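**Student:** In our numbering, the protein residues as written are 1232 to 1641.
Sharing a structure here in structure tokens format.
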């Protein structure tokens, strides 16, 4: 399922207008989530953008916004601190409550992770919390200021260079983050928590994940981001984080149960807008991707169209054989079916009829190999092949089918 991104604006804690993006599923909606970005980052940082888009494809709408004084939002960054960031988060939550639905999921990255951990206990609608590369204490961010920190303490403020950008930091920011007790808030949160952290994170060390995990009450989970950097700049790392979050949330956020006009009784395939060939497939409440291999310009994010045909044949064959075995009370082991597809010249088709070979050109050939765990009597082999040929998908492929098409404008 693809996503739709809307540009929004709402009023933050100080009255400044905050710029936001709402990534909405183009289909049934499971829940709303709020994403808090990292220190001095923006709503459009790579990790936020990719995770929001991926979750939207999984049916979770994600609101991401720029904190006061950052990105496209109004206000002065120098006058902000950890507490004002939390205030902006509460403003975002209230905006969702009034205009859409309160967030069932709170997601935070880096200092944004510390912020959602700090406020989660005060958001009754939140059913789950996710912290990505989050510090165990907000004051941990101060080490990014280096030797400038002493200048800020002595002179009240100073300009610092963070990731190539200039920011003015005031003493009140330092004092505020040092006063925060994130671990205490985590201990009182009592909500399902997922911690994602890279063991080689050079900005926020992995020990922070351990401290948060120990402070939290069950249910709690930790997933290593392995070789990822702090900002998840590599696409594979951001996608892995998004898939992990989506899978984990199935325990705490309802799955799709389309109703009314949103009910989809057939299969819907829709371009995601990512890559050259990627399509989101929705079959009832089941979601997956269709794509092409990288060798032909795809992203290899899902089976190819002919792979799906092979899947249909293999699955139908295994199910048909299992029904037959149960009906005949045959004690046979687990059934597996290997299916390969190729286009071959009709004249080279050994098991085609003479008439089919004479037509010339190329034909689609599916080769099916059926395996059964354990010993199967030799006299049963031919019967299993006979029953496999009665699989409905097999019959459809051999008989051919008519496809009726139409075009409609949305």
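Glycine included, each C-beta is placed from N, C-alpha and C at the ideal position.
If you're wondering where the values come from, they're calculated on a predicted model, not measured in any experiment.
Give the DSSP-derived three-state secondary structure of residue 1498 in the structure shown.
**Tutor:** The answer is strand: DSSP assigns residue 1498 an E or B state.
**Student:** Have a look at 1525, 1259 and 1575 and flag the residue whose alpha-carbon is nearest the alpha-carbon of residue 1591.
**Tutor:** The candidate whose alpha carbon is nearest that of residue 1591 is 1575.
**Student:** So does the region 1398 to 1413 actually touch the region 1324 to 1340, counting three or more Cβ pairs closer than 8 angstroms?
**Tutor:** The answer is no - the region 1324 to 1340 does not touch the region 1398 to 1413, with fewer than three Cβ pairs under 8 angstroms.
**Student:** At what residue ranges does the region 1386 to 1470 contain a whole run of the beta strand (DSSP E), taking only runs of 3 or more?
**Tutor:** If we require 3 residues or more, the beta strand (DSSP E) runs fully inside the region 1386 to 1470 come out as 1388 to 1393, 1396 to 1401, 1424 to 1428 and 1451 to 1455.
**Student:** Quick check on residue 1239: does DSSP put it in helix, strand or coil?
**Tutor:** Residue 1239 falls in the strand class under three-state DSSP.
**Student:** For the candidate residues 1628, 1323, 1365 and 1599, whose alpha-carbon lies nearest to that of residue 1430?
**Tutor:** Ranking the options by Cα distance to residue 1430, first place goes to 1365.
**Student:** Leaving out the 5 sequence neighbours to the left and right, which residues in its chain are closer than 6 angstroms to residue 1424 when beta-carbon positions are compared?
**Tutor:** Correct list, in chain order: 1360, 1447 and 1451.
**Student:** Which of helix, strand or coil does DSSP assign to residue 1363?
**Tutor:** Reduced to three states, the DSSP call for residue 1363 is strand.
**Student:** Rounded to a whole number of angstroms, what is the C-alpha to C-alpha distance between residue 1599 and residue 1457?
**Tutor:** Roughly 38 angstroms separates the two Cα atoms.
**Student:** As an exercise, report each continuous beta strand (DSSP E) stretch of at least 3 residues that is fully enclosed by the region 1508 to 1593, in chain order.
**Tutor:** Segments of the beta strand (DSSP E) lying fully in the region 1508 to 1593: 1510 to 1514, 1517 to 1521 and 1566 to 1576.
**Student:** Taking Cβ positions, are residue 1435 and residue 1544 nearer each other than 7 angstroms?
**Tutor:** Not in contact: residue 1435 and residue 1544 (Cβ atoms no closer than 7 angstroms).
**Student:** Just the Cα atoms here: how many angstroms apart are residue 1379 and residue 1539?
**Tutor:** Answer to the nearest angstrom: the Cα atoms are 58 angstroms apart.
**Student:** Tell me, which residues are paired with residue 1340 by DSSP?
**Tutor:** In DSSP, residue 1340 forms a bridge with 1363.
**Student:** At a cut of 8 angstroms, does the region 1308 to 1325 reach the region 1279 to 1293 through at least three beta carbon pairs?
**Tutor:** The region 1308 to 1325 is not in contact with the region 1279 to 1293.
**Student:** Could you give the distance in angstroms between the alpha-carbon of residue 1422 and the alpha-carbon of residue 1325?
**Tutor:** One C-alpha to the other measures close to 20 angstroms.
**Student:** According to DSSP, residue 1350 sits in a beta bridge with which residue or residues?
**Tutor:** Residue 1350 pairs with nothing; no bridge assigned.
**Student:** Would you be able to state if there are at least three C-beta pairs under 8 angstroms between the region 1521 to 1537 and the region 1554 to 1564?
**Tutor:** No, they do not touch.
**Student:** By how many angstroms is the C-alpha of residue 1276 removed from the C-alpha of residue 1437?
**Tutor:** In a straight line, the C-alpha of residue 1437 is about 22 angstroms away from that of residue 1276.
**Student:** Near residue 1382, what residues of its chain come up, given a Cβ to Cβ distance below 7 angstroms and the 5 sequence neighbours on each side ignored?
**Tutor:** These residues qualify, in order along the chain: 1389.
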